[in-house]
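These protein sequence lines map, in sequence, to chains A and B. If you use the numbering used here, the first sequence corresponds to residues 121 to 466, in order. If you use the numbering used here, the second sequence corresponds to residues 945 to 1148, in order. For glycine and all other residues, C-beta sits at the position ideal for the given N, C-alpha and C. Predicted model only: the values in this text are computed from it and were never measured. To start, the structure under review is shown below, and the notes come after it.
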Amino acid sequence: MKTDLLKFTDQGGCSSKIPPAQLEQVLSKLPVPVDRNILVNIDTHDDAGVYRLTDDLALVLTTDFFPPVCSDPYEFGQIAAANSISDVYAMGGTPSLALNIMMFPAGKLPLKEYAAILQGGYDKAAEAGVKIIGGHTIDDQVPKYGLAVTGFVNPKELVTNAGARAGQVLILTKPLGTGIILAGHRLGMTGEVVAVAARSQMKVLNNTGAALMKKYGVKGATDITGFGLAGHAIKLARASNVSLHINMSQVPLLPETYRLADDGCLPGACFTNLEYCEKDVLDAEGLDYTLRMIAFDAQTSGGLLICADEDKASVLLDELISEGMTSAAIIGKITSKAEKLLYINH
Amino acid sequence: MHIVDTRGERCPRPIIETKKALKEVREGESFTVLTDNKTSFNNISRFLNDNKIGFSVTEKDGVWTFVVSGSGSDKTLTEAESYCELPSEMPVSGNWAIAVTSDVMGYGDDTLGRRLIKSFFVAVSCLDNLPSVIAFYNAGVKLAVEGTETVEILKELESKGVELILCGTCTDYFKLDGVLSAGKTGDMYQIMQKLSSAAKVIRP
């Protein structure tokens, strides 16, 4: 009988994050290390930590892991690896080395599935040029997998949440909807074809986006994952002291995302993210409820939200599309800091 | 009443079922949603509030029961002719009547009495079960004169479907022709007919 990893969990992917408000509360009480070589620290809640080695070289460190988002172990490995590596790309870095982090119900699943997850991880990492040189596994009822990744970046080319500027344009490189579709598929509200499309997107590395950010001198970006488009947009806006304006009708969506959300398939993470974000968000008058909730859908291995100079945005977008990021789109703009950090428009 | 039982289900199933029920029930029809999951209780509440759907919810033994109004967003009636229909939230008129025998309430001090009768009508207008008719005679008809403190409350009661009958003999006696802003005049026979067919008559 074919293994279905989803039987081991009732919440998957980045929907398994602890509510952001609680997380911030806990983290705020921990000491923040002081070292003049720390270029990006925990207190700015960025995608990774960055540590300068020389004037031209800095280390990028990040980790991510989560329970299964799909039935097949190999695919799960691929998606988890892509998701973990993504944060290095979001900093403008080149991922290089990684360690496996695995929790596995050894008594309940055959070891060949354990191997399959790792194989998926290895293959995706190899695609990114990442060498997995170690790792750690423990026994656990619910399987979980991901990587701790180390990359490198030239400090002069570092891309952070604090690098956005008023007057820039927002580009999203991958369509939204993975949280909604995964939930909808599990509930039998949508078919395999739609789930396959979602899984394909989750496997896509953000390497193309990262290379183009470097080419066009982008300094502000983040990747869209567990806090949803709105949550990550707010972190960016806060760190850069600007306001973001997003037009939901321009945001690319995976097929069936709108229909599923409109039928009520709104995963719990949507509401958690909404609660965390709402004080910093203003919805436009008459904004469609479903489109608005999609902005809060937790994504797994989502795209990059790139803050591009207005005069470079079109060419950057054209290149993204021609290089294979076919759903990439301009979704809004950045203004100087207004009353709210994020404005969601139709 | 249609019952949506989502006990044992985790998000987003309860929201999906609630949304489905909203699409299926008839206009104005309510339905019940049950959940035993705190997260679902929070999320359903949020979903209904954000979509401006009226509901009430109670909790007992770890089960939340929502009663959801199936009629969707608020029903402010803005067309003039809409006022000819009874809005569904209007209180149902009961079979009782009020006989207003003076422009003061009670005996002993008329200044106090005038204050009391105004409060009386304010209190009547707050009732869920409004009287079907209010009859005014002797000095009571003066309460319907334009510009008085009481006439506005009487007009409001009238707009909610309460019939106001003013004794014609009395309005003539006090020469109030042309200065009345609420109610319709009627004769003693009409007043008696209304009062005698009421199950209960209150006199302030």
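Beta-carbon proximity check, residue i vs residue j, cutoff 8 Å
i, j, result
"residue 293 of chain A", "residue 445 of chain A", "yes"
"residue 467 of chain A", "residue 291 of chain A", "Nothing can be reported for residue 467 of chain A: it is not among the residues displayed for chain A, which extend from 121 to 466."
"residue 363 of chain A", "residue 457 of chain A", "yes"
"residue 220 of chain A", "residue 267 of chain A", "yes"
"residue 299 of chain A", "residue 373 of chain A", "no"
"residue 195 of chain A", "residue 319 of chain A", "yes"
"residue 1085 of chain B", "residue 1041 of chain B", "no"
"residue 1089 of chain B", "residue 1123 of chain B", "yes"
"residue 1108 of chain B", "residue 1091 of chain B", "no"
"residue 1014 of chain B", "residue 971 of chain B", "yes"
"residue 233 of chain A", "residue 123 of chain A", "yes"
"residue 199 of chain A", "residue 421 of chain A", "yes"
"residue 188 of chain A", "residue 229 of chain A", "no"
"residue 409 of chain A", "residue 995 of chain B", "yes"
"residue 1075 of chain B", "residue 1106 of chain B", "yes"
"residue 451 of chain A", "residue 366 of chain A", "yes"
"residue 317 of chain A", "residue 368 of chain A", "no"
"residue 240 of chain A", "residue 275 of chain A", "no"
"residue 252 of chain A", "residue 265 of chain A", "no"
Closest by C-alpha distance to residue i, when choosing among the options
i, options, result
"residue 333 of chain A", "A:142, A:359, A:298 and A:214", "A:214"
"residue 398 of chain A", "A:367, A:383, A:433 and A:347", "A:347"
"residue 1073 of chain B", "B:1050, B:1104 and B:1080", "B:1104"
"residue 1093 of chain B", "B:981, B:1119 and B:1125", "B:1125"
"residue 322 of chain A", "A:233, A:449, A:159 and A:423", "A:423"
"residue 985 of chain B", "B:1119, B:973 and B:1001", "B:1001"
"residue 966 of chain B", "B:980, B:979 and B:1012", "B:1012"
"residue 1081 of chain B", "B:1106, B:1120 and B:1096", "B:1120"
"residue 307 of chain A", "A:331, A:386 and A:350", "A:386"
"residue 418 of chain A", "A:271, A:303, A:150 and A:264", "A:303"
"residue 958 of chain B", "B:1005, B:1144 and B:976", "B:976"
"residue 974 of chain B", "B:1070, B:1010 and B:1142", "B:1010"
"residue 400 of chain A", "A:415, A:205, A:460 and A:310", "A:460"
"residue 271 of chain A", "A:204, A:227 and A:208", "A:208"
"residue 1110 of chain B", "B:1117, B:1100, B:1079 and B:1116", "B:1079"
"residue 231 of chain A", "A:251, A:263 and A:142", "A:263"
Nearest-angstrom Cα separation, counted from residue j out to residue i
i, j, result
"residue 442 of chain A", "residue 327 of chain A", "14 Å"
"residue 139 of chain A", "residue 201 of chain A", "23 Å"
"residue 182 of chain A", "residue 273 of chain A", "13 Å"
"residue 998 of chain B", "residue 440 of chain A", "46 Å"
"residue 259 of chain A", "residue 315 of chain A", "29 Å"
"residue 428 of chain A", "residue 462 of chain A", "17 Å"
"residue 163 of chain A", "residue 147 of chain A", "8 Å"
"residue 269 of chain A", "residue 157 of chain A", "19 Å"
"residue 283 of chain A", "residue 235 of chain A", "40 Å"
"residue 1113 of chain B", "residue 1146 of chain B", "22 Å"
"residue 237 of chain A", "residue 430 of chain A", "42 Å"
"residue 956 of chain B", "residue 1007 of chain B", "17 Å"
"residue 992 of chain B", "residue 962 of chain B", "9 Å"
"residue 466 of chain A", "residue 246 of chain A", "40 Å"
"residue 1059 of chain B", "residue 1048 of chain B", "8 Å"
"residue 186 of chain A", "residue 345 of chain A", "12 Å"
"residue 1098 of chain B", "residue 1054 of chain B", "20 Å"
"residue 129 of chain A", "residue 336 of chain A", "42 Å"
"residue 382 of chain A", "residue 434 of chain A", "32 Å"
"residue 376 of chain A", "residue 173 of chain A", "46 Å"
"residue 256 of chain A", "residue 223 of chain A", "8 Å"
"residue 393 of chain A", "residue 1057 of chain B", "59 Å"
"residue 305 of chain A", "residue 176 of chain A", "46 Å"
"residue 1035 of chain B", "residue 1052 of chain B", "In this predicted model, residue 1035 of chain B has a pLDDT of only 44, less than 50, meaning its place in the structure is not dependable enough to derive any value."
"residue 217 of chain A", "residue 329 of chain A", "20 Å"
"residue 351 of chain A", "residue 391 of chain A", "12 Å"
"residue 411 of chain A", "residue 1148 of chain B", "57 Å"
"residue 184 of chain A", "residue 285 of chain A", "28 Å"
Sheet register partners of residue i (DSSP bridge)
i, result
"residue 300 of chain A", "Partner(s): none; residue 300 of chain A has no beta bridge."
"residue 289 of chain A", "A:428 and A:453"
"residue 280 of chain A", "A:340"
"residue 222 of chain A", "A:257 and A:265"
"residue 1003 of chain B", "B:1008"
"residue 367 of chain A", "A:465"
"residue 172 of chain A", "A:178"
"residue 1111 of chain B", "B:1130"
"residue 1063 of chain B", "None; residue 1063 of chain B has no bridge partner."
"residue 946 of chain B", "B:975"
"residue 271 of chain A", "A:180 and A:215"
"residue 403 of chain A", "A:464"
The ligand NAP heavy atom lying under 7 Å from the CB of residue i
i, result
"residue 398 of chain A", "Among the components of this structure there are no ligands whatsoever, and the ligand NAP is therefore not found."
> Would the stretch 1059–1075 of chain B and the stretch 1118–1135 of chain B be scored as touching if the rule is three or more Cβ pairs under 8 Å?
Replying inline: As far as the Cβ criterion goes, the stretch 1059–1075 of chain B does not touch the stretch 1118–1135 of chain B, which means the pair count is below three.
>> Within 8 Å, do at least three Cβ pairs link the stretch 354–361 of chain A to the stretch 163–173 of chain A?
In response: Yes, the stretch 163–173 of chain A is in contact with the stretch 354–361 of chain A.
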